[in-house]
Amino acid sequence: MCLKNRMIVLSVVIWFLSIPVMLHAGTQLPGKIQSIIDAPRYVPSQWGILVADLKTGKTLYELNADKLFAPASTTKLFTMAAGLDTFGADYQFETPIYRNAPINSAGQLKGDLILVASCDLTLGGRTDANGHIAFTEMDHTDAGMDGPLSAVLTKQDPLAGINNLASQVAASGIKRVCGDVIIDDRLFETSTTGHSFIRTPITVNDNLIDFMITPSEPGMGATVEWRPRTSAYRVDAQVKTAASTETPSILITSGGSNRILVRGQMPAKQKPSIRVWQVEDPTSFARILLIEALRRANVKVDISPYGKNPSDRLPEKNAYKKMQRVALLKSPPYSETVKLILKVSHNLGADITPLLVAAKNGKHTFEEGMAIERVFLKRAGVDIKSISFADGQGGERGDLVTPRAAVQLLRYMTTRPCFKAYHDALPILGVDGTLSHAASPGSPARGKVFAKTGTIVEGDLLNDRPILLVKGLAGYITASGGRELAFAVYVNNVPINELNDMLAVGNDLGKISEAVYIAK
């Protein structure tokens, strides 16, 4: 879901004119589904539903299936399908470090070290002992709320990949770098999205600083820890512990000169809270982290780590063929990256994907990547005139999808060699990812629905309440009778009063998928 379960969401306001509710002959909704969508909370809202047999394409249930709906993060179904089509499930990103000069007998490099960014999304910072990319039910990229949906950090060291590369440099015989340390981020065009994400070929810890805030006793200071620990930023934290009846209030701002201010309060007896700070210059940030890692590996670096990455010192791209490679980090298979993006609705990773698709095809810009995705979707048999995408993650006002287009894509993907990776990357109802809490433990559909969620909440300042602009669910169901189904369900424009109302709408979509599971 797009910035899932947050009450602070980026502006996506899609207002629909009245959309008539139409059911085609022979596609009457089961009574349980009809009772859900007829609930009073949905009187001003619009629903779109399509359920089809996966093999034959026969429509089982249909409601406004050819109307456009804001899809939120179900957009990622299309984005990652294009990614898998481009790279395949087994592709591994390779991040090398080169030296541009010889090493003398004293281990001195009288030249530069250059890390060539490949856009390995996690850069070893989430890889577990089994080679999988770790994730939690609510990712740190969605930190900002407290309660049952609080973000949880993975256990892995976000600097593991950087440290691995530094150790390889040391093992190559380099004891001192007399030149510079440079990050080559020219794989594709770096850009900033409308959501302030920086799409760049170099990503360490999602280009975030994680803050873990733990309360103590009322009136005392709360403990503030952060990762990765780096001299790139100076942290000034002053957070007090309030009474347990108070609400959390944390504000993280810039103090200028690479200084981060952490202020506010945390209620006593509350579990640690996660907040994040987005780095302003990911390339220069990665350079500092690499220099620090080299020094930890006992490689002396003469140059200061601070300041901007010296991109003007980079060689021609084809010059690396003649340079000596001194380190190489390989990512887990691409299927693991797809799983991370779809399971936790990783917005940055989804928005970077069109740029990766572009780069793989010798292109350089986001627009070129989207043009390649268009060709793929047309080849997949998706009615491209019935969709509109302005990004890869589903948070722009230009993102619109019909339920029929979503089902067309889902059916096509079953014919592809990468289908298993695509299917297994989807959240599972009542089990994991963004669907982990969308069904009760006793639900008969638990573990039988593999689907991508989508959520966008905006603030209704006029009525001092939130409004749920989008709630969506699209994917696959193995019905109780063994029939394989593809489905897409959208509801747009639901006025709500609090977070629990939003969760209730999500549970209603879970109940709809459960009703489909039971009915067929």
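All residue numbers for the sequence shown refer to the numbering used here, where the first residue is 484 and numbers rise by one.
Where a beta carbon is used, it is the ideal one built from N, C-alpha and C, also for glycine.
For clarity, every value in this text was computed on a predicted model and none was experimentally measured.
Helix, strand or coil at residue i [DSSP, three-state]
i	result
Leu839	helix
Val858	helix
Ile867	helix
Ile491	Residue placement at Ile491 is poorly supported in this model, since its pLDDT is 32, which falls under 50; the coordinates still yield a value, given next. It is coil, neither helix nor strand.
Lys783	strand
Tyr544	strand
Ala934	strand
Gly590	coil
Arg609	coil
Arg929	coil
Val718	strand
Ser996	helix
Phe671	coil
Gln575	coil
Gly845	coil
Lys550	coil
Ile685	coil
Asp834	helix
Thr557	helix
Met621	coil
Cα-Cα separation between residue i and residue j, rounded to whole angstroms
i	j	result
Asp663	Asp785	8 Å
Ile681	Thr624	13 Å
Asp984	Gly942	14 Å
Ser919	Ala548	27 Å
Trp709	Leu777	21 Å
Glu775	Thr578	18 Å
Val504	Ser518	Because Val504 carries a pLDDT of 34, less than 50, the predicted location of this residue cannot be relied on, and the following value inherits that uncertainty. When rounded, the distance between both Cα atoms is 14 Å.
Phe768	Val762	7 Å
Ala1002	Ala889	21 Å
Ala928	Phe552	26 Å
Ala726	Val707	18 Å
Asp568	Glu851	16 Å
Leu604	Leu831	9 Å
Ser963	Tyr1000	6 Å
Ser655	Ile979	60 Å
Asn690	Met621	17 Å
Leu734	Arg862	47 Å
Leu506	Ser737	In this prediction, Leu506 scores a pLDDT of 36, lower than 50, which makes its location untrustworthy; no coordinate-derived value is stated.
Ile696	Arg717	17 Å
Gln819	Pro731	Looking at the sequence shown, residue 819 is not Gln but Glu. Glu819 and Pro731: Cα-Cα distance of roughly 34 Å.
Distance CB(residue i)-CB(residue j) smaller than 8 Å
i	j	result
Tyr959	Ala998	no
Leu812	Cys602	no
Ala626	Arg758	yes
Met563	Val865	no
Phe618	Leu825	no
Val972	Leu986	no
Thr885	Ser869	yes
Leu912	Gly930	yes
Pro698	Gln753	yes
Leu533	Leu968	no
Ser828	Ser633	no
Tyr574	Pro816	yes
Thr558	Gly916	no
Residue(s) in a DSSP beta bridge with residue i
i	result
Ser794	Answer is none; Ser794 lacks a bridge partner.
Gln761	Leu691
Lys752	Answer by DSSP bridge pairing: none, since Lys752 is not bridged.
Leu598	Ile580 and Ile666
Gly942	Pro949
Thr706	Thr697
Ser923	None, per the DSSP bridge assignment.
Arg808	Tyr581
Gln529	Asn975
Arg742	Arg717 and Gly739
Query raised in the report: Taking the runs of the beta strand (DSSP E) that are 3 residues or longer, which of them lie wholly in the segment 949-994?
Result: Those beta strand (DSSP E) runs which fall completely within the segment 949-994 and span 3+ residues are 967-978.
Requested in this report: Just list the alpha helix (DSSP H) runs in the segment 873-912, keeping only unbroken ones of 4 residues or longer that don't cross its boundaries, in chain order.
Outcome: Segments of the alpha helix (DSSP H) lying fully in the segment 873-912: 886-896 and 902-907.
**Report entry** In chain order, each alpha helix (DSSP H) run of at least 4 residues that lies wholly inside the segment 625-662
**Finding:** 643-654
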